[in-house]
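Worksheet: one structure, shown below.
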Amino acid sequence: MNIRKFAVDMLPPVTLAIVVSFWGLAPKAWVESTWTAIIMTALVTTWVLGLELVFERHEGWRMNRREFFTDLFYMVLNATLISKISQLVGDAPLMAFKKAAGIATPWAGEMPFLAQVALVLVVYEFGQYWMHRLMHNSTPFWLTHAPHHHITQLNAMKGAVGNPIELVLISLSVIVFFDVSQAAILGAFGATGVISTFAHANVRSDPPKFYSFFFTTIRHHSLHHSVPYEDTRCNYGNSLILCDRIFGTYKEGEASVVGQDDRKRLSIREQWVFPFMPLVKAWRERRGGGAIAQG
0 MNIRKFAVDM LPPVTLAIVV SFWGLAPKAW VESTWTAIIM TALVTTWVLG LELVFERHEG
60 WRMNRREFFT DLFYMVLNAT LISKISQLVG DAPLMAFKKA AGIATPWAGE MPFLAQVALV
120 LVVYEFGQYW MHRLMHNSTP FWLTHAPHHH ITQLNAMKGA VGNPIELVLI SLSVIVFFDV
180 SQAAILGAFG ATGVISTFAH ANVRSDPPKF YSFFFTTIRH HSLHHSVPYE DTRCNYGNSL
240 ILCDRIFGTY KEGEASVVGQ DDRKRLSIRE QWVFPFMPLV KAWRERRGGG AIAQG
């Protein structure tokens, strides 16, 4: 056995175990502080970015200054504005409905910590899987998601990059209906953060079957980011590749060249206006046709 390769391949599962264990053992004051989750996310991201420097997977994905600051912008955007909007349009209305309807699930909070984490992870990822699949099979939704596929390299922070409409849609869930502990919720989201970060990272790590059968890896997700559009319609699981295995959308393979539309990299502005460009184009053509008719 190649000990060095085994150690590198075990990095995702070990990091996942550490993060989930942290939330299971964290003092109540830490769990209730919003800064703890922010610090943990920053530590995990920094850790994986460091691994990219040591165990680079593809030279063509090597981080540069422009990519770093674009990714950092989106990380901050997701942690602030996108998070607030998601709570406003998703969690708040669902919580109000839950209270009005008298819905309660005390059994969820009585389960062991790891079972609660698993429940939140499965419920959240089930919704993400179907939303993500919809985005690849419905033109209006694809237009919001396409900017994420215009990235031309994969790095640790790339999971946060995308059009704001998509970022809100993909973050919606029904977790508020389950009365689980705050620690379990943070543990589950910490887990998805670790899995998704490694699934986008330029790290030469291929986790063993006990991990890759259930969780998304860079191999699964790089194939999802393939250049041909049709090749992107697989491996939708953001964190749980198990969903793809169950619902028949799993595809084996890996890609080293990623992107869309001749691999054109979009600026932040282009990413934000991308969903509206077909309407703008139609309006310009209509306006141009009207001018010709008048002439």
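For the record, in the sequence shown the residue sitting at position 135 is 134 according to numbering that gives the first Met the number 0, with numbers rising by one throughout. Yeah, the Cβ is synthetic: ideal placement off N, Cα and C, and Gly gets one too. Source: prediction; values computed, not measured.
Look at the beta carbons and you see the region 215-233 not touching the region 67-82: under three pairs across the two are nearer than 8 angstroms.
Buried is the label assigned to Asn237, since at least 16 other Cβ atoms lie within 10 Å of its Cβ. Note on geometry: alpha-carbon atoms of Leu52 and Met156 lie some 14 angstroms from one another. The criterion of a C-beta distance shorter than 7 angstroms is satisfied by Arg203 and Phe54. The Cβ neighbour count for Gln181, taken over all protein chains shown within 10 Å, is under 16; the residue is labelled exposed.
Along the region 252-292, the alpha helix (DSSP H) occurs as fully enclosed runs of 4 or more residues at 267-272, listed in sequence order.
Shown here, Phe214 sits in a strand according to DSSP, grouped into three states.
CA-CA distance, Val193 to Val18, rounds to 8 angstroms. Here Val202 is bridged, per DSSP, to Glu55. Residue pairing for Leu239: DSSP places it in a beta bridge opposite Phe214. Apart from the 5 residues on each side of it in sequence, Pro146 sits with its Cβ closer than 6 angstroms to the Cβ of Gly161, Asn162, Leu265, Gln270 and Phe273 in its chain, given in chain order. In the structure shown, Ser225 adopts extended strand secondary structure according to DSSP, grouped into three states.
The continuous alpha helix (DSSP H) containing His131 extends over residues Phe112 to Met134.
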